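Residues in the sequence shown are numbered consecutively from 40, following the working numbering.
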Amino acid sequence: MAKIILLLSFEAKRIRPYGLASLRTTKRSPHGWISCFNPQISYKTNIIHNSMNIKKNIPNFITLLNLFSGCLSIVAAFENNLVWAAYFIGIAAILDFLDGTFARILKAKSETGKQLDSLADIVSFGVAPAIILFQLISHSPDLPVLEIPNINLLPFIAFLIPVFSALRLAKFNIDTRQTENFIGLPTPANAIFIASLPLILIQQFPDYQWIFDTIKSSWFLMALTIILSSLLVSNIPLFSLKFKNLKWKDNKDRYIFLGISIALILIFYFAAIPLIIIVYILISVVANQLTHKE
């Protein structure tokens with residue numbers, strides 16, 4: 040009896056660093072029930088479990104980088120450094136694409152990741168571009184005055200963007216029709232459109248002064264805000280850029296869009312971005328009409 044007690048005491052001390060999980064992850068040994076305590080098996084099991092947790096959270100980590108980039112964009116915009124604010128939105132858009140890609144590759148899709156992605160998008164593609172618009176409208180030379188009291192209310196129209204972005208993301212999360220394609224303008228596309236405006240202003244277009252004058256016009260910017268906000272929650276079906284395969288027949292719209300986009304970028308550089316978004320909407324509308332006729 041004393042020997043059994045000593046053996047039990049020895050085994051309890053040996054497994055203590057690995058926790059009680061080792062008791063549940065091992066099997067009964069034919070040599071006796073005491074020998075079934077195998078801390079090495081438990082240790083390996085914990086390593087595998089931890090590595091699976093790391094893999095599962097890689098997409099979430101990328102989503103958090105997206106959120107961080109959106110925060111940097113907001114800081115840059117408040118400091119009136121709109122070019123860097125635009126760059127950070129571009130980085131956020133790349134990260135937003137990568138988190139979904141890694142989630143599919145690693146088979147790590149989760150409800151937490153889905154909700155986290157929407158929260159990050161509200162900041163990076165809702166609040167950040169709105170502050171860029173706010174600054175552009177505030178510094179517009181033809182801005183009318185509507186003060187209550189001593190504060191011009193008109194630039195605050197820019198914050199319709201995060202309001203409608205939040206509404207669009209909430210609808211997207213519960214809309215089963217948007218698993219492969221989109222209904223309404225996606226928030227990253229909307230944010231990239233807005234972020235392109237300060238980048239266009241730093242380009243040299245000596246023969247196209249009207250482009251700069253238009254972008255600096257408060258009337259244009261306020262009208263653009265209303266149009267983009269409406270597109271976010273519209274019922275316009277838009278194709279997704281996700282390729283299931285490389286066949287022309289299944290991805291005709293995508294190939295046409297990418298070809299036109301590359302050509303526009305080579306010709307117009309940053310000024311091509313708004314044109315690309317417009318082409319994206321037009322191709323989607325035409326493709327949808329042709330599909331219905333068939």
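Even glycine gets a Cβ: it sits at the ideal position worked out from N, Cα and C.
Model, not experiment: these values are computed from the prediction.
Whole angstroms is fine: what's the gap from residue i's alpha carbon to residue j's?
i    : j    : result
S112 : A124 : 4 Å
I250 : L263 : 14 Å
I266 : N274 : 14 Å
Quick check on the burial criterion: 16 or more other C-beta atoms within 10 angstroms. Buried or exposed for residue i?
i    : result
R216 : exposed
S163 : buried
A302 : exposed
R143 : exposed
L192 : exposed
A226 : According to the sequence shown, residue 226 is Thr rather than Ala. Looking at its Cβ environment, which holds 16 or more other Cβ atoms inside 10 Å, T226 is buried.
P237 : buried
D252 : exposed
N212 : exposed
Please state whether the Cβ-Cβ distance between residue i and residue j is less than 8 Å.
i    : j    : result
L285 : L172 : no
P313 : S235 : yes
I176 : P201 : no
F221 : V272 : no
A131 : I239 : no
D135 : N96  : no
A197 : A169 : yes
So what does DSSP say about residue i, is it helix, strand or coil?
i    : result
P168 : helix
E118 : coil
F244 : coil
F251 : helix
I275 : coil
D189 : The question names Asp, but residue 189 is Asn in the sequence shown. Note: N189 maps to coil in three-state DSSP.
With a threshold of 7 Å, establish whether the CB of residue i neighbours any heavy atom of the ligand PLP.
i   : result
K94 : This structure does not include the ligand PLP; it has no bound ligands of any sort.
If residue i and residue j are in contact, beta carbons under 8 Å, what's the gap, nearest whole angstrom?
i    : j    : result
I316 : F232 : 5 Å
P276 : N229 : Contact flag wrong, Cβ pair sits at about 16 Å.
D138 : I101 : 4 Å
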